[in-house]
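Below is one structure; the comments refer to it alone.
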Amino acid sequence: MIDRRALYVAVPLAALALAACGEEATNPPTQPAPPVVTPEAAAPPPSAPPEAGAALPGSGPASFVGRWAADVAWCSNTTGAEQPIEITTTRFEGYENSCAIDRIDETAGDYQAALTCQAEGMTTRERVRLAVQGDSLRLTWPDRDGAVVLLTRCGAGLPPSQAR
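Numbering of the sequence shown is given in the numbering used here, commencing with residue 1 and proceeding in unit increments.
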């Protein structure tokens, strides 16, 4: 007959012995895995070729980045047609349209951007010239018969804590 006290000791010892059988320890699910140490992992990330220059979205000075409105009173609006547009180094977002900046080139005193836009279920491609002078932005649309839009930077003249 088997002594029950011996079973209470033998079963946990057997479980511990089996758990120690593996050659590699596995990190618990709440702990990060150890870093991969290879020459490839230690190498710096590749950089863009020098000839790419300002042709890549997001490169070059970002004087045009920000929120802009045709009327400063629109700067606090978040809905409707009378709200600011928002420009980043890669996006051009406005009322009922959203554009990716596919290419941007710095020229003498301004930027030339190629956009791919989604508006009301349609995709269009167009160009825009962005010229910033202080807190004013002049958009010139060559593909819209040279139409010009003048905008003011939202938060212009306000302390940074109040500028939005």
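Idealized CB from N, CA, C, for every residue including glycine.
Tell me the DSSP bridge mates of residue i?
i	result
Q118	S98, T123
S136	Q133, T152
E93	E86, S98
T78	Paired residues: none, contrary to the question.
A147	W141
A108	Bridge partners of A108: none, in fact.
A113	I104, V128
Using 10 angstroms around the beta-carbon of residue i, count the other beta-carbons present and answer buried if the total reaches 16, otherwise exposed.
i	result
G58	Note that G58 scores 44 on pLDDT, short of 50, meaning its location in the model is unreliable; the coordinates nonetheless yield the value given after this. Label assigned to G58: exposed.
A52	With a pLDDT of 44 at A52, under the threshold of 50, the modelled position of this residue cannot be trusted, and the question is left open.
V148	exposed
R67	buried
A108	exposed
R153	buried
A81	exposed
A100	exposed
A70	exposed
Between the options, which lies nearest to residue i when the distance is taken from Cα to Cα?
i	options	result
L151	Q83, E106, A108	Q83
T116	D110, I104, A108	I104
T78	A100, E93, D143, W141	E93
E126	G134, Q112, T107	Q112
L139	A100, V128, S63	V128
L130	A114, C154, T124, D71	A114
S98	T90, D145, T88, A119	A119
M122	P142, E96, L137	E96
T89	R144, T124, G134, S63	S63
D102	I85, P142, T124, V132	T124
E106	R144, I85, V132, V72	V132
G134	G146, G155, R144, P142	G155
Can you tell me where the beta strand (DSSP E) holding residue i begins and where it ends?
i	result
E86	85 to 87
G66	66 to 69
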